[in-house]
Amino acid sequence: MKLEKKDKEILRNLQEDIPLTKEPFKEIAKRVGIEEEELFRRIERLIKLGIIRKFGLRIDVNKVGFSSTLIGMKVPEEQLDLVAKETCKYEFVTHCYAREGEYNLWITAIGETDEINDFIKKLEEKYEILNLPVEKRYKIRVKFDA
């Protein structure tokens with residue numbers, strides 16, 4: 000889907016810097032060069048199209064004492080969809096995707112250390128896994144450039 004330039008500008012502004020003011024959307028509309036009502040219409044359309052999936056904060060998980068790990072799993076091909084669906088039910092699973100190769104299901108989990116360790120133990124009971132806990136973060140960012 001090709002987005003209009005204004006939509007790209009809106010996405011960049013929402014993603015990068017929602018101002019901490021009484022009227023943040025009015026300020027974003029001004030930055031983009033449109034009226035606030037048009038901004039809301041465009042945001043609603045982007046939500047309906049599934050381009051905007053959610054509004055939320057980015058928290059420094061290290062500063063709140065969370066653990067983060069990347070887990071590769073060897074899952075029989077015929078079970079892949081079911082296992083992925085069940086795995087995604089865990090609130091602390093942030094990413095879950097299938098890949099080609101020996102380890103064909105990959106999960107990123109971020110949460111309380113005990114919670115993550117219990118999750119890993121459950122996985123190890125059923126599947127061969129590769130647990131790759133984060134030792135040091137160098138960059139974590141998802142950015143949409145307009």
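As numbered in numbering that gives the first Met the number 0, residues 0 to 145 make up the sequence shown, in order. For every residue, glycine included, the Cβ atom is placed at its ideal position computed from N, Cα and C.
Check, Outcome
"Reduced DSSP category for Thr-107 - H, G, I as helix; E, B as strand; rest coil", "strand"
"Same chain, Cβ closer than 7 Å to Phe-65, five either side skipped, listed in chain order", "Ile-109, Gly-110 and Glu-111"
"Gly-100 versus Tyr-126: straight-line alpha-carbon distance, rounded", "15 Å"
"Exposure of Cys-87, with buried meaning 16 or more beta-carbon neighbours within 10 Å", "exposed"
"7 Å CB neighbourhood of Thr-20 in its chain, flanking five on each side removed", "Glu-26"
"For Leu-45, the three-state DSSP class (helix, strand or coil)", "helix"
"Nearest residue (CA-CA) to Gln-14, options Glu-76, Lys-73, Lys-62 and Arg-57", "Arg-57"
"Leu-10, buried or exposed, once every other Cβ within 10 Å from all chains shown has been counted against 16", "buried"
"Close-in-space but distant-in-sequence residues of the same chain around Leu-38 (CB under 8 Å, 5 per side omitted)", "Ile-9, Phe-24, Ile-27, Ala-28 and Val-31"
"Continuous alpha helix (DSSP H) stretch holding Asn-116: start and end", "112–125"
"Helix, strand or coil at Leu-79 according to DSSP, with G and I counted as helix", "helix"
"Identified DSSP bridge partners for Asn-130", "Ile-70"
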